Amino acid sequence: MKRGTKYYPLFEYLEGLGRQDTAELSFAQIEGIIEAPLPASARKSRSWWANSSGPSRVQAAAWMEAGYHVSSVDLEQERVTFVRPKPPYHLVRDLREMEWNAETIRALRQHMGLTQKEFASRLNMRQQTISEWETGLYKPRGGSIALLNMVAERAGFYKAIAESADQEGEPKS
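Each residue of the sequence shown is one higher than the one before, starting from 2 at the first, in my numbering.
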């Protein structure tokens with residue numbers, strides 16, 4: 002998320018919530034945060050709040066890069082709820098052998114509460130590499146997999162996945 006863009010203050014606000022799982026905001030609160038009115042389409046169309054990225058979706062980049070997704074929108078009451086996605090425990094074959102793909106890499110980064118840039122810095126990699134992994138353009142190989150396993154272990158990611166599976170009563174297949 003580029004500093005100075007219209008929705009950068011929303012990104013900063015959400016990122017500043019730390020590890021808070023849910024944030025419910027009114028449209029007026031969001032307008033106060035970004036210090037500008039939301040477009041009419043934000044009040045009329047649920048698709049404006051979709052969790053999809055792209056060059057014309059700068060608003061979605063604000064919450065997604067901060068580690069949140071829109072879980073519900075009430076256009077009548079003008080309220081939106083942002084949530085942090087839970088780790089995708091269903092992708093784990095063995096808690097010591099993670100299948101590193103776009104979803105699990107993004108989940109690890111979000112579990113750590115980091116932006117792509119911060120995550121890349123921790124791994125001593127380019128942000129572009131992280132972005133390519135998270136979009137599924139490439140998958141990590143060799144030493145990168147070993148590094149991700151080590152970082153996941155130290156960040157308590159495997160434990161969070163196991164606890165999430167236990168809470169939901171799902172098998173850790």
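We treat Cβ as the ideally placed atom computed from N, Cα and C, and that holds for glycine.
From a predicted model like this one, the values you see are computed outputs, not experimental measurements.
Can you give the Cα-Cα distance for R20 and W101, rounded to whole angstroms?
About 23 Å.
Taking the C-alpha atoms as reference points, what is the distance between V93 and G143?
Interpretation of V93 is limited by its pLDDT of 48, a score under 50 that renders its predicted location unreliable; no figure is taken from the coordinates.
Beta carbon of F120, beta carbon of E79: below 7 Å?
Not closer than 7 Å, so no.
DSSP three-state call for A156: helix, strand or coil?
If DSSP states are grouped into helix, strand and coil, A156 belongs with coil.
Which term fits T105, buried or exposed, when burial requires 16 or more other beta carbons within 10 angstroms of its beta carbon?
The residue in question, T105, is buried, as its Cβ has 16 or more Cβ neighbours within 10 Å.
Once DSSP output is grouped into helix, strand and coil, what is the label at T23?
Looking at T23 - three-state DSSP - the assignment turns out to be strand.
Alpha carbon to alpha carbon, how far is E25 from E77?
Taking the straight line joining both Cα atoms gives about 15 Å.
Are there 16 or more other CB atoms within 10 angstroms of the CB of L138, so buried, or fewer, so exposed?
Exposed, by the Cβ-count rule.
What three-state label does DSSP hand L96 in the structure shown?
The predicted position of L96 is uncertain, since its pLDDT is 48 and thus under 50; a value taken from the coordinates is nonetheless stated next. Here L96 sits in coil by DSSP.
Whole alpha helix (DSSP H) runs in the segment 23 to 68 with 4 or more residues, listed along the chain?
Entirely contained in the segment 23 to 68, the alpha helix (DSSP H) runs reaching 4 residues are, in chain order, 28 to 35, 41 to 45 and 59 to 66.
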